[in-house]
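A short worksheet on the structure shown next.
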Amino acid sequence: RSALNALLFRTGDQSKDIVLALATNRPGDLDSAVADRSDEVLEFPLPGEDERFKLLKLYLDKYIAQAGARKPGLFSNLFKKEQQKIEIKDLTDDILREAAARTDGFSGREIAKLMAGVQAAVYGSENCVLDPNLFREVIDYKVAEHQQRKNLAVKSA
């Protein structure tokens, strides 16, 4: 409440010195007084299939392919346990495109969380190998979880 009051007080008049940018994936939750102070509203739609494919590749590289790579740092050897290297077997672009098609309605953040879930599943596996079966299993789980969240949101609205 204090933050809202401070925002409303500071944005009550025009200013050449301050630019305020607000971002939310829940615009309906914005207080009407806050929304009224927005001069411009831009909508960024959820990523399309091609964008989801690119995000899956990006996070595959970040969370899977580069996992276990040593990052140089002064105290990295003292405080951080080295991650085990993940082996990727037979995970093709076609499989990633299939996943991109199945993740319709996912935000960029949800895709990042999905790939973090893939990483966790690989580390929880016996041999630290990511193969198409394990990848599809996580995709199935996350797609079902996404649908469940959508259903709960509709029920509570």
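Residues in the sequence shown are numbered from 7 upward in steps of one, following our numbering.
C-beta: ideal position from N, C-alpha, C; glycine also.
- Ranked by how close their Cα comes to the Cα of L120, the residues E132, S131, C134 and A105 have A105 in first place.
- Counting the other CB atoms within 10 Å of its CB gives T30 a total below 16, which places it among the exposed residues.
- Around the beta carbon of V47, a 10 Å sphere encloses fewer than 16 other beta carbons of the protein chains shown; the residue is thus reported as exposed.
- In the three-state reduction of the DSSP assignment, E55 falls in the helix class, which pools H, G and I.
- A straight line joining the alpha-carbon of L52 with that of V144 spans about 21 Å.
- Here the alpha carbon of A71 sits roughly 7 Å from the alpha carbon of I94.
- D100 is positioned such that its CB atom lies no closer than 8 Å to that of D137.
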